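Following: one structure in structure tokens, then a few remarks.
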Amino acid sequence: MTNHCLPFPSRRPVSAAVWALLGTLLLCPLATHAQALAQPGAGDVQRSVQPPQTPAPRQDATPAVKVSPAQPDEASDKVALRIPVRVLRINGATVVSEPVLQALLSDVPGRSFTLPELQHVLRRVGDYYRSLGYPVARAVLPAQDIRDGVVTVLVLEGRLGAVSFDNQSLISESSLARLFGDAFVGTVVSQPELERRLLLLGDTPGASRAGAVLQPGAHTGETDVRVQVDGADRLISQIDFDNHGNRYTGYWRVGAQATVNSPAGVGDQIQLRGLTTNESLSYVRLGYRLPVHTAAWTAGVAWSQVNYKLAREFAYLDAKGWARTATIDTSYTLVRTPDHSLSTALTWDHKTFEDRIEVLDPASVTRKSSDVWSLALNGFGNRDARNHAFSFIWSHGQLNLPTMAQKAADAAGPRTQGSFDKLVFAGNATMPLDKGWSVYANAYWQHAFNNLDASEKFSLGGASGVRAYPQGEASGDQGQLGSVELRYTPPLSTLQWAGFLDAGHVRLDHEAYNSVGPQSRSLYALGGSLLWAPRQDLGLKLMLATRVGTEPVQSEPDNSRTRLWLQGLWRF
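Numbering (the working numbering), first residue to last: 850 to 1421.
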């Protein structure tokens, strides 16, 4: 095959004719392969360091809630006096209606009881309240003169009195009181509500676990709560490495992360992450998050930047650029129990991009920006070793192209300028089978309502996609991606083996504008993995995948059918 690619001239002012020639040369394939490669831009590179991630389920133990018994009602078994009961009057019940309690004690009127016998019957009320999640409620016989068989029963539902803390956390006691919820005082003590608040305290940076002891309060019918909060490490560091990167910005990546818990003593958190590759890519992200009034509501800000320079087949272009993102978000936990959680989040991202081709004189510079609002519903659940997690995300954004030339080229091509919308679902689930075997599945689905900029697309290939294809392979506006794994963990072993099947389909553009070539792609892979995790803070994972079908690699010249992925992590 004849090579029609010519060397570029030295950098000096050029005529319009030469500019046209250079434009042709930029699209010319290299002699090593016939198929033209798509040049990655800042949006593609940004997605490579922030791939779509399915949320992780959590394993929570039920918070320890201990109930100190109330003083028993004074009554002597030697008292043989029998009390005829003609009518029961029930006072003090607010959570359960009086007709329900009357039905619960419907066999009492018309009979005679000794005082101990009547107190024993009234335990039904406390048992019924406990079945509804009210652990300290009980019914008692107040001091009274019983006339004409009219007996008054007082229901002590257990309203919250004083709250105190046994604080071993990094959070100040005044902040714990605010996060636990001052408005909780005076309400009826509910086990689900108490567990929710304890779990949310345990989720707060600077704390690791929270429990409570319930004991009789200073006044009749009150219950005091002693909250025990365990501490967490002030600094958590992490070093990780992998070969999950891109051919043109570096396969091998090394990352470091530092998390500072509750630096201000209010349950806040600072997180710094950096990443670099064996080529010319660097990434940094700084984030700060804190609870707002209660532990259920948090807000955060973050800033990130990725810088890149293309290597290998695109090195001759001297192509480089950057992408920056400023983020403000807030989230609220709607449901929180040991078995499941449901939360919502609102996020605003301001993204700016710059791509440069400096082989030209003057350099070709392309800039753009976008503002994206996202509303998410996130959840997880676990029970009997089964667990799942999911996210639904709706995003609405505005892509801004600053120059008339960019707008004209976009109008004649992809038409991404202006507003756009997309829907995303991500989820995963694990189901145990028998004797160390389990099945894991994950899915990612994206639907676009407009043609999307590269920063909003998703890719099928990569270590978190169809693993026989390189990172960034088959990028498109909408489609679906899934994987099923059969896992085996030998007894008392630090190893886990797995076999997997990956599949994905992507539509390259929501509305096709280029009639050349296919408008969609489908990728498939089979493979196996080995995970070694001797401790919770140390792990190494190998994945080997091979292509199924005839779909070739298009994003890089290496068309090998098999791909090996490596990832290691050390947290300290």
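Using N, Cα and C, we set each Cβ at its ideal position, and we do this for glycine too. This structure is a prediction, so every number in the text was calculated from the model and none was measured.
Nearest to residue i by alpha carbon, out of the options?
i, options, result
"Ala1297", "Leu1413, Val1355 and Leu1183", "Val1355"
"Ser1313", "Asp1351, Trp1346, Gln1327 and Asp1302", "Asp1351"
"Leu1124", "Val970, Ile1085 and Phe1090", "Phe1090"
"Ala1292", "Lys1169, Leu1301, Trp1286 and Leu1309", "Leu1309"
"Ala1290", "Leu1301, His1237, Ile932 and Ala1323", "His1237"
"Tyr1373", "Leu1389, Gln1385 and Gly1331", "Gly1331"
"Val1141", "Phe1421, Thr1186, Ser1129 and Leu1050", "Leu1050"
"Pro1112", "Arg1138, Val1133, Arg1102 and Asn1127", "Arg1138"
"Ala952", "Arg960, Thr943, Val974 and Phe962", "Val974"
"Ala913", "Arg979, Glu1405, Ala1011 and Gln1040", "Gln1040"
"Gly1035", "Asp1052, Ala992, Phe1029 and Thr1072", "Thr1072"
"Thr1182", "Thr1174, Leu1191 and Val1365", "Leu1191"
"Ala1275", "Trp1152, Asp976 and Gln1329", "Gln1329"
"His1189", "Arg1232, His1199, Ala1172 and Val1000", "Arg1232"
"Val1012", "Arg1122, Ala1067, Asp1178 and Ser1086", "Ala1067"
"Ile1242", "Met1253, Asn1227 and Leu1418", "Asn1227"
"Asn1277", "Val944, Arg1235, Asp1270 and Met1253", "Arg1235"
Would you kindly check if the distance between the Cβ of residue j and the Cβ of residue i is under 7 Å?
i, j, result
"Val1038", "Gly1007", "yes"
"Gly1055", "Ile1020", "yes"
"Ala891", "Asp1220", "no"
"Thr1147", "Ser1180", "yes"
"Val916", "Pro984", "yes"
"Val970", "Val934", "no"
"Arg1058", "Asp1079", "yes"
"Thr1196", "Ser1218", "no"
"Val989", "Leu967", "no"
"Gln1320", "Ser897", "yes"
"Gln1247", "Ser1268", "yes"
"Leu1025", "Phe1033", "no"
"Ser1223", "Gln895", "no"
"Phe1349", "Glu1334", "yes"
"Ala1175", "Ala1194", "no"
"Thr1098", "Tyr1157", "yes"
"Pro1383", "Thr1338", "no"
"Gly1116", "Thr1069", "no"
"Thr1265", "Asn1300", "yes"
"Val1074", "Leu1084", "no"
Is it buried or exposed for residue i, if we count other Cβ within 10 angstroms and need 16 for buried?
i, result
"Ser1409", "exposed"
"Thr1411", "exposed"
"Tyr1362", "exposed"
"Asn1110", "buried"
"Asn940", "exposed"
"Ala1257", "exposed"
"Leu1250", "buried"
"Ser1240", "buried"
"Val1402", "buried"
"Asp1407", "exposed"
"Phe1421", "exposed"
"Ser961", "exposed"
"Pro1263", "buried"
"Val1000", "buried"
"Gly1311", "buried"
"Met1392", "buried"
"Leu937", "buried"
"Cys854", "Low local confidence applies: a pLDDT of 35 at Cys854 is under 50, so the model's placement there is unreliable, with the coordinate-based value given in what follows. Its Cβ having fewer than 16 others within 10 Å, Cys854 is exposed."
What whole-angstrom Cβ distance do residue i and residue j have, given they're in contact under 8 Å?
i, j, result
"Leu1379", "Trp1346", "6 Å"
"Lys1306", "Gly1325", "6 Å"
"Arg1370", "Ala1317", "So it is not a contact: roughly 13 Å between Cβ atoms."
"Pro1429", "Asn1095", "What the structure shows of the chain is the stretch from 850 to 1421, and residue 1429 is not part of that stretch, so it cannot be assessed."
"Leu886", "Glu1405", "7 Å"
"Pro1187", "Leu1048", "7 Å"
"Gly1136", "Ala1151", "4 Å"
Point to revise | 3 or more residues per run - each beta strand (DSSP E) lying fully within the segment 1141 to 1197 | key: Segments of the beta strand (DSSP E) lying fully in the segment 1141 to 1197: 1143 to 1158 and 1168 to 1185.
**Study point:** Those runs of the beta strand (DSSP E) which lie wholly inside the segment 1063 to 1087 and span at least 3 residues
**Key:** DSSP runs (the beta strand (DSSP E)) wholly in the segment 1063 to 1087: 1071 to 1080.
Practice item. Please list the segments of the beta strand (DSSP E) lying wholly inside the segment 934 to 1017, counting only runs of 3 or more residues, in order along the chain. Key: Taking 3 residues as the shortest admissible run, the segment 934 to 1017 contains the following complete beta strand (DSSP E) segments, listed from N- to C-terminal end: 936 to 940, 960 to 962, 987 to 989, 999 to 1005 and 1008 to 1016.
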